[in-house]
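Input: a single structure, listed below in structure tokens.
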Amino acid sequence: MSGEPPRRRPAVVLERVSKSYGSGAVAVHALRDVDFVVERGDYVAIMGASGSGKSTLMNIVGCLDLPTRGRYLLDGIDVRGLDDFELSYIRNRKLGLVFQSFNLIPRTSALRNVELPLIYARVSGAERRARALAALGAVGLANRAGHGPQELSGGQQQRAAIARAIVTDPALILADEPTGNLDSASTAEVLQLFDRLNVVGRTIMMITHEPEVSEHAKRVIRLSDGRLVSDTRTAALTDLPPRFVPGDLPAAAARTRSDEPAPRALRPSEAST
Ligand code: ADP
Ligand code: MG
1 MSGEPPRRRP AVVLERVSKS YGSGAVAVHA LRDVDFVVER GDYVAIMGAS GSGKSTLMNI
61 VGCLDLPTRG RYLLDGIDVR GLDDFELSYI RNRKLGLVFQ SFNLIPRTSA LRNVELPLIY
121 ARVSGAERRA RALAALGAVG LANRAGHGPQ ELSGGQQQRA AIARAIVTDP ALILADEPTG
181 NLDSASTAEV LQLFDRLNVV GRTIMMITHE PEVSEHAKRV IRLSDGRLVS DTRTAALTDL
241 PPRFVPGDLP AAAARTRSDE PAPRALRPSE AST
């Protein structure tokens, strides 16, 4: 087994996670005993009809809410019992969140938006700027760093939001309907970007109700009425994502975590072919 990479902490472990809103006869059971593990390097789509529990799951995995029952480990950290301060610290260090509506700060440059998580993380000015510029380069927006959201197209705004999500080198990129507000050309561009981020070793969990979007993932988990009803792998963990189109990888998207395994298809012996 000497050729096997060492086993690393999964990005996400959910053990019998349930979430109810309200109690007694009027309780809504938004999640019921949901169990799954997301290993580093995976690319998972979460699907389900409206009301099936996707946003509730996003809030729990994104440390914006806690389960009513069950256990959730993010990068090995049990979030139960953490206070609000600790949760926001974990969110800042371990997660990159991407939303349907981009959530960029208006009238603030793309560079400044991308620097923000690093300001919270107390990264000093020069390093902050360099890392934010590198992240913008990784999403193809190096030449838009000084532009505010109002000067960017929808697709560019979402790419800036993705730069903000990756700039802290999170254990997990968590996206909720990231292409929901985009036209088809921008959707294709953003999905290609997610594919590339996964190719360089980033772990992605993406919530969507669109099959064209979920076809980019290596694994599809379906929810119905708050239960996990199927969990289907469409590409091996170490393979390229199924819809990946080879091309020039933006240099700055290169892995910065030394513990990320390169996908099999990009190991040096094969990468040049
Ligand atoms: P989805 O994102 O798949 O549409 P949600 O997670 O938003 O599903 O909702 C799952 C269920 O939980 C739905 O029945 C919804 O009405 C209910 N729900 C979600 N949030 C709340 C809340 N804050 N209070 C009460 N019920 C809620
Ligand atoms: Mg929702």
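Take 1 as the starting number for the sequence shown in this note's numbering and just add one per residue.
Glycine included, each C-beta is placed from N, C-alpha and C at the ideal position.
Check                                                                                                                                                                      : Outcome
In the DSSP assignment, find the beta strand (DSSP E) that holds Lys19 and state where it starts and stops.                                                                : Val12 to Tyr21
To the nearest angstrom, how far is it from the Cα of Thr76 to the Cα of Val13?                                                                                            : Contrary to the premise, residue 76 reads as Gly rather than Thr in this sequence. Rounded to whole angstroms, Gly76 to Val13 spans 8 Å at the Cα level.
Just to confirm the assignment, what range does the alpha helix (DSSP H) spanning Gly125 have?                                                                             : Gly125 to Ala138
What is the DSSP secondary structure of Glu105, counted as helix, strand or coil?                                                                                          : Reading off the sequence, residue 105 comes out as Ile, not Glu. Correct three-state label for Ile105: coil.
So who's on the other strand from Arg222, going by DSSP bridges?                                                                                                           : Met47 and Ser230
Out of curiosity, what's the CA-to-CA distance linking Leu66 and Glu86?                                                                                                    : 13 Å
Give the straight-line distance between the Cα atoms of Met58 and Asp176, rounded to the nearest whole angstrom.                                                           : 7 Å
Please confirm whether any heavy atom of ligand 1 lies closer than 7 Å to the CB of Ala278.                                                                                : The structure shown does not extend to residue 278, since the chain is modelled only from 1 to 273, so the question has no answer here.
Where does Gly24 land, buried or exposed, given buried means 16+ other C-beta within 10 angstroms?                                                                         : exposed
Can you check DSSP and say which residues form a bridge with Met205?                                                                                                       : Val44 and Leu174
Quick test of your reading: Tyr120 and Asn92, contact by CB under 8 Å. State the CB separation rounded to the nearest angstrom.                                            : 5 Å
With a threshold of 7 Å, establish whether the CB of Val30 neighbours any heavy atom of ligand 1.                                                                          : Per the sequence shown, the amino acid found at residue 30 is Ala instead of Val. Flag set: Cβ of Ala30 near ligand 1.
So what does Val28 bridge to, in DSSP terms?                                                                                                                               : Tyr21
Below 8 Å on the Cβ atoms is my guess for Leu152 versus Ala185; work out the distance and round it to an integer in Å.                                                     : That belief does not hold up - the Cβ atoms of Leu152 and Ala185 are roughly 15 Å apart, past 8 Å.
Taking only the alpha-carbon atoms, compute the straight-line gap between Thr232 and Asp42 and give it to the nearest angstrom.                                            : 13 Å
Within the same chain, show all residues whose beta-carbon is closer than 6 Å to that of Ala251, passing over the 5 residues directly before and after it, in chain order. : Only weak support is given to the placement of Ala251: the predicted model assigns it a pLDDT of 43, under 50, and the value that follows is read from those uncertain coordinates. Correct list: empty, nothing qualifies.
Could you pull out every residue in the same chain whose Cβ sits closer than 7 Å to the Cβ of Ala165, ignoring the five residues on either side in sequence?               : Gly96, Leu97, Val98 and Ile173
If you pair each beta-carbon of the region 218 to 236 with each one of the region 26 to 45, do three or more pairs fall below 8 Å?                                         : yes
Spatial neighbours of Glu215 within its chain, please: CB distance less than 7 Å, with the 5 preceding and 5 following residues excluded, ordered by chain position.       : Pro242 and Arg243
Nearer than 7 Å: is that true of the beta carbon of Gly53 relative to any heavy atom of ligand 4?                                                                          : For ligand 4, the structure offers nothing, since it holds only ligand 1 and ligand 2.
Starting from Gly154 and walking both ways along the beta strand (DSSP E), at which residues does that stretch end?                                                        : It is not in any beta strand (DSSP E) - Gly154 instead sits in the alpha helix (DSSP H) that spans Gly154 to Ile166.
Apart from the five residues just before and just after Pro268, which ones in its own chain have a Cβ nearer than 6 Å to its Cβ?                                           : Low local confidence applies: a pLDDT of 42 at Pro268 is under 50, so the model's placement there is unreliable, with the coordinate-based value given in what follows. Within the same chain, Pro268 has no close Cβ partners at all.
By the DSSP assignment, the beta strand (DSSP E) with Val98 in it spans what residues?                                                                                     : Leu95 to Val98
Can you look up Asp84 in the DSSP assignment and give me helix, strand or coil?                                                                                            : helix
Where Pro246 and Gly22 are concerned, what is the direct C-alpha to C-alpha distance, given to the nearest angstrom?                                                       : 49 Å
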